[in-house]
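These notes concern the structure reproduced below.
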Amino acid sequence: MRIFRDKLALSKIDFLRKESYHIEAVDKFDSYLIFVEWNREPNKKFYLPRRKVLKVLVDDLQDLSDHVIDFLGISLPPRVGKSTLCIFFMTWMMGKKPHIANVMSGHSDKLTSGFYEEILNIITDHNTYLWHEVFPTVKLADKSAKDESVDLESKKRFSTLTCRSIEGTLTGAVEIGEGGVLYSDDLVEDLEESLNPDRLQSKYDAYLNQLKDRKKDTALELMVGTRWNVLDPLGRIQDQYADNPRYRFRVIPALDENDESNFQYDYGLGFSTEYYHDMRASIDDATWWAKYMGQPYVREGLLFPKDELNYYNGTLPGVEPTRKMAVTDVAWGGGDFLSMPF
Numbered sequence: 000m001r002i003f004r005d006k007l008a009l010s011k012i013d014f015l016r017k018e019s020y021h022i023e024a025v026d027k028f029d030s031y032l033i034f035v036e037w038n039r040e041p042n043k044k045f046y047l048p049r050r051k052v053l054k055v056l057v058d059d060l061q062d063l064s065d066h067v068i069d070f071l072g073i074s075l076p077p078r079v080g081k082s083t084l085c086i087f088f089m090t091w092m093m094g095k096k097p098h099i100a101n102v103m104s105g106h107s108d109k110l111t112s113g114f115y116e117e118i119l120n121i122i123t124d125h126n127t128y129l130w131h132e133v134f135p136t137v138k139l140a141d142k143s144a145k146d147e148s149v150d151l152e153s154k155k156r157f158s159t160l161t162c163r164s165i166e167g168t169l170t171g172a173v174e175i176g177e178g179g180v181l182y183s184d185d186l187v188e189d190l191e192e193s194l195n196p197d198r199l200q201s202k203y204d205a206y207l208n209q210l211k212d213r214k215k216d217t218a219l220e221l222m223v224g225t226r227w228n229v230l231d232p233l234g235r236i237q238d239q240y241a242d243n244p245r246y247r248f249r250v251i252p253a254l255d256e257n258d259e260s261n262f263q264y265d266y267g268l269g270f271s272t273e274y275y276h277d278m279r280a281s282i283d284d285a286t287w288w289a290k291y292m293g294q295p296y297v298r299e300g301l302l303f304p305k306d307e308l309n310y311y312n313g314t315l316p317g318v319e320p321t322r323k324m325a326v327t328d329v330a331w332g333g334g335d336f337l338s339m340p341f
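Set out below in structure tokens:
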């Protein structure tokens with residue numbers, strides 16, 4: 000009897016815990032993430048094994064939803080869950096405001112097609128996710144794999160969500176409504192594109208003219224990206240709004256100040272310190288700092304690889320020099336200060 004009573008008590012406690020998250024799920028993103036995956040096996044869940052690291056991003060996204068901030072920029076290493084977390088965020092915002100139009104964009108159709116499929120999966124897979132219990136009155140009205148669009152409640156000219164690459168047709172086809180979200184993920188495709196100033200300028204112009212100008216007043220913006228270059232869209236926005244408290248930029252590097260991994264998740268998920276140390280030793284410095292540490296590394300002007308340079312050994316010849324000279328780049332027109340003792 001005692002074992003039966005203990006199991007009954009635990010079952011009741013579990014039910015009350017579930018309901019407490021259920022009650023908060025509409026208003027608190029952290030509770031939504033926990034509740035919506037309640038039926039999944041612990042090692043199959045996305046959020047809880049990663050919560051100790053990603054909670055700071057969840058709080059940032061909560062502030063974005065609550066209009067504490069208007070813009071959130073995120074830079075994390077590859078495959079640590081940043082895009083999946085933001086996809087969950089979009090499903091939460093869609094359920095809260097099904098009549099408001101949102102847009103998800105990226106560098107390619109393949110990327111945005113993946114966004115569309117994952118969004119639809121969370122909303123429609125009732126066995127795996129409890130989205131329908133959080134938003135029981137919100138119904139799927141229409142979906143289109145061709146247009147990569149999802150309509151909730153009713154079919155609209157500007158869908159609840161449209162996924163479209165930045166190279167695709169955006170002007171006149173999409174809108175980000177008041178209180179809606181413009182989510183951009185990896186607008187710059189790769190290192191090669193980041194090294195081409197003309198392509199970077201074209202990408203930034205496309206962002207301004209095809210994405211940003213589709214935002215209505217009070218629309219929010221979420222941008223995720225590898226910081227390849229100081230002139231990429233995320234870098235330019237950060238430079239322009241550096242002193243604006245309503246713009247927030249969150250960077251979590253692969254390694255912390257003690258050279259230990261920031262992304263060792265439960266159940267053996269994530270990446271160990273040894274993994275990141277091996278990656279650092281295997282790739283060039285520019286890629287390591289940009290892709291894994293969230294710091295753009297300007298490659299322009301790096302004419303000679305580090306391991307090909309010759310270094311002064313500290314010993315001077317025992318004769319008088321024929322000439323004394325120094326060379327410096329004074330950066331005419333720049334905003335930097337210069338000091339060159341000789």
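Per numbering that gives the first Met the number 0, residue 0 is the first one in the sequence shown, and the count goes up by one each step.
Backbone N, C-alpha and C define an ideal beta-carbon position, used for all residues, glycine too.
Please read all numbers here as calculations on a predicted model, not as lab measurements.
Here residue 49 really is in contact with residue 264; their C-beta atoms are around 5 Å apart, less than 8 Å. Per DSSP, residue 183 is not a residue of any alpha helix (DSSP H); the beta strand (DSSP E) it occupies stretches across 180-184. Excluding residues up to 5 positions away in sequence, nothing lies with its Cβ nearer than 8 Å to the Cβ of residue 11 in the same chain. Distances from the alpha-carbon of residue 191 to those of 82, 315, 231 and 137 put 231 closest. Note: residue 105 is bridge-paired with 184 in the DSSP secondary-structure output. Here residue 187 has 106, 193, 199, 202, 224, 225, 227, 228, 231 and 232 as same chain residues with Cβ atoms under 8 Å from its own Cβ, once five neighbours each way along the sequence are excluded.
For residue 165, the closest of 210, 236, 239 and 69 by C-alpha to C-alpha distance is 210. For the 8 Å CB-CB criterion, residue 100 and residue 179 form a contact. Collapsing the DSSP output to three states places residue 246 in a strand. Here the alpha carbons of residue 273 and residue 219 stand approximately 38 Å from one another. For residue 111, the CB contacts under 7 Å within the same chain, skipping 5 residues up- and downstream, are 103, 104, 105, 147, 162, 163 and 164 in chain order. By the criterion of a C-beta distance shorter than 7 Å, residue 93 is surrounded in its chain by 101, 151, 159 and 160, once the five residues flanking it on both sides are discounted. It is roughly 40 Å from the alpha-carbon of residue 155 to the alpha-carbon of residue 295. Per DSSP, residue 212 lies in no beta strand (DSSP E) segment and is marked neither H nor E.
Sixteen is the threshold: when 16 or more other Cβ atoms of the shown chains lie within 10 Å of the Cβ of residue 133, as they do, the residue is buried. Take the alpha-carbon of residue 236 and the one of residue 184: they are about 14 Å apart.
Taking every protein chain shown into account, the CB of residue 89 has 16 or more other CB atoms within 10 angstroms, so this residue is buried. Between residue 35 and residue 130 a beta carbon distance of about 6 Å is seen, short of the 8 Å cut, so the two are scored as contacting.
Per DSSP, reduced to three states, the secondary structure at residue 18 is helical. Take the alpha-carbon of residue 257 and the one of residue 14: they are about 41 Å apart. When the alpha-carbon of residue 64 is set against those of 37, 95 and 270, the nearest one is in 95. Residue 36 sits in coil when the DSSP states are folded into three classes, being neither helix nor strand. Comparing alpha carbon positions, the residue from 339, 287, 313 and 41 closest to residue 324 is 339. Among the bridge pairs identified by DSSP, residue 222 is matched with 72 and 183. Note: residue 150 is bridge-paired with 141 in the DSSP secondary-structure output. Annotation for residue 74: 226, 250 and 293 place their beta carbon closer than 6 Å to its own, counting only its chain and skipping 5 residues before and after. When the beta-carbon positions are compared, residue 260 and residue 254 come within less than 8 Å of each other.
The residue from 45, 206, 116 and 234 with its alpha-carbon nearest to that of residue 289 is 234. Selection 116, 56 and 189 evaluated against residue 29 yields 56 as nearest (Cα-Cα). As the crow flies, the alpha-carbon of residue 189 is around 11 Å from that of residue 195. Each residue's CA atom was taken as its position, placing residue 329 and residue 70 some 36 Å apart.
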